[in-house]
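Each residue of the sequence shown is one higher than the one before, counting from 16 in the numbering used here.
Some notes on the structure that comes next.
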Amino acid sequence: MLIGFAGLGRMGRPMAANLTRAGHTVLAYDPYADGAPEGVTLLGSATGLVDAPLTISMLPDGATTRHLVVNGLAAAAQGHLHVVMGTVAPELVRELAGTAPVDVVDAPVSGSVSMAGTAAITTMVGGTAEQFERVRPVLRAMTSAQFHAGPVGSGSVAKLAVNAVLATLNQGVAEGLLVAEAGGLDPKVFYDVLRTSAAGAPYVGYKETAYLSPETAGVAAPVSLIRKDLGLALDLVRAKRLDLPGVRAARTVLDDATAAGLGEADMARVLTVLRLRNGR
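Listed below in structure tokens is the structure:
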């Protein structure tokens, strides 16, 4: 199948590569990319993506996603389907689905960059049952699990809820390490215990290097993106007059990480911020 793909960043690049490995023909656009994965054709303009009957965006925020859908895909043929896989506000996806020149569904993903490389990430899809069945074969090339979360926008709600849990878990691991260190435990010994404990979620396992040796670990999920996602989650619940104290606390530490120049560092660097706060 011919597929248009916008956004060859940390996650988008391996996802586009997996589409080609599955036998799809991929046209890609990213003004900041210095090249494309093997087998992917890099275009000079987003307007060329409309040659495909289906396009995907893996963009960092709502503004760039809106611009692509409203302007870049304006000349798409009737029946063109666009899949928003970046994390944006549910309200934006619903707005685009109602006003854009193309059909729109959302399918944000959960997982790390390394998991994207092996197509082991999860996607949560918002759209009709028919749209879900249409996009699912394409999503299978990039993900190991595909969930139909509900109507358009539901995938984005699910992603924000997942990242609310992820950010508070990230904060909890960092604080647990500080408790262990304060009591004289070796951080590596504690981490081995944590990984096999009741709190040993998969995230704990694959983030060990990021917590214990941040200088040598890669960036799987930068502070800036998680901070942005928590802001979207807080906007969502604020409209419903709900309060999330744990998410608010995690967002505050991410704010401090950004102020400390760690915005593009991995989210596990909240441990660094907590140590600075405590004079360690």
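C-beta: ideal position from N, C-alpha, C; glycine also.
Identify, in the order they occur along the chain, each residue of the same chain with its Cβ nearer than 6 Å to the Cβ of residue i, setting aside the five sequence neighbours on each side.
i: Leu57; result: Ala43, Ala51
i: Thr40; result: Leu17
i: Leu277; result: Val238, Arg284
Consult DSSP for residue i and reduce its assignment to one of helix, strand or coil.
i: Gly278; result: coil
i: Met13; result: Because the chain in this structure spans residues 16 to 295, residue 13 falls outside the shown range and cannot be described.
i: Leu111; result: helix
i: Ala21; result: strand
i: Ala48; result: coil
i: Ala294; result: According to the sequence shown, residue 294 is Gly rather than Ala. Of the three classes helix, strand and coil, the one that applies to Gly294 here is coil, per DSSP.
i: Thr80; result: helix
i: Ala283; result: helix
i: Gln161; result: strand
i: Ser307; result: Look at the range of the chain in this structure, 16 to 295, and you will see that residue 307 is not part of it.
i: Ala31; result: helix
i: Ser125; result: strand
i: Thr267; result: helix
Check each candidate in the options and name the one with the smallest Cα separation from residue i.
i: Ser171; options: Leu111, Leu88, Gly276, Gly101; result: Gly101
i: Arg149; options: Val41, Ala235, Leu69; result: Leu69
i: Ala254; options: Leu64, Tyr47, Pro105; result: Pro105
i: Val177; options: Val268, Ala21, Val124; result: Val124
i: Lys4; options: Gly187, Ala115, Asp244, Tyr47; result: A question about residue 4 goes unanswered here, because the residues of the chain that appear run from 16 up to 295.
i: Thr117; options: Val65, Arg28, Asp49; result: According to the sequence as given, residue 117 is Val; it is not Thr. Comparing Cα positions, the closest option is Val65.
i: Met157; options: Gly54, Glu279, Ala37, Thr211; result: Ala37
i: Thr114; options: Arg81, Ser129, Met130, Asp250; result: Arg81
i: Pro217; options: Val268, Leu181, Leu154; result: Leu181
Mark residue i as exposed unless 16 or more other C-beta atoms lie within 10 angstroms of its C-beta, in which case mark it buried.
i: Val262; result: buried
i: Tyr206; result: buried
i: Leu88; result: buried
i: His97; result: buried
i: Gln146; result: buried
i: Thr138; result: buried
i: Asn293; result: exposed
i: Ser72; result: buried
i: Gly22; result: buried
i: Ala248; result: buried
i: Asp250; result: exposed
i: Thr35; result: buried
Leaving out five residues on either side along the sequence, give the residues of the same chain with a beta carbon under 7 Å from the beta carbon of residue i.
i: Ala252; result: The question names Ala, but residue 252 in the sequence shown is Val. Correct list, in chain order: Leu259.
i: Pro202; result: Leu192, Ala195, Glu196, Leu227
i: Ala297; result: As shown, the chain starts at 16 and ends at 295. That puts residue 297 outside it, with no answer to give.
i: Thr62; result: Gly87, Ala90
i: Val296; result: There is no way to answer for residue 296, as the model of the chain reaches only from 16 to 295.
With hydrogens ignored, establish whether the beta-carbon of residue i is closer than 6 Å to any heavy atom of the ligand GTP.
i: Asn293; result: The model depicted lacks the ligand GTP and carries no ligand whatsoever.
Practice task
Enumerate, from N- to C-terminal direction, the unbroken alpha helix (DSSP H) stretches of 4 or more residues contained entirely within the stretch 163 to 227.
Solution key: Runs found: 169 to 197, 202 to 210, 217 to 221, 223 to 227.
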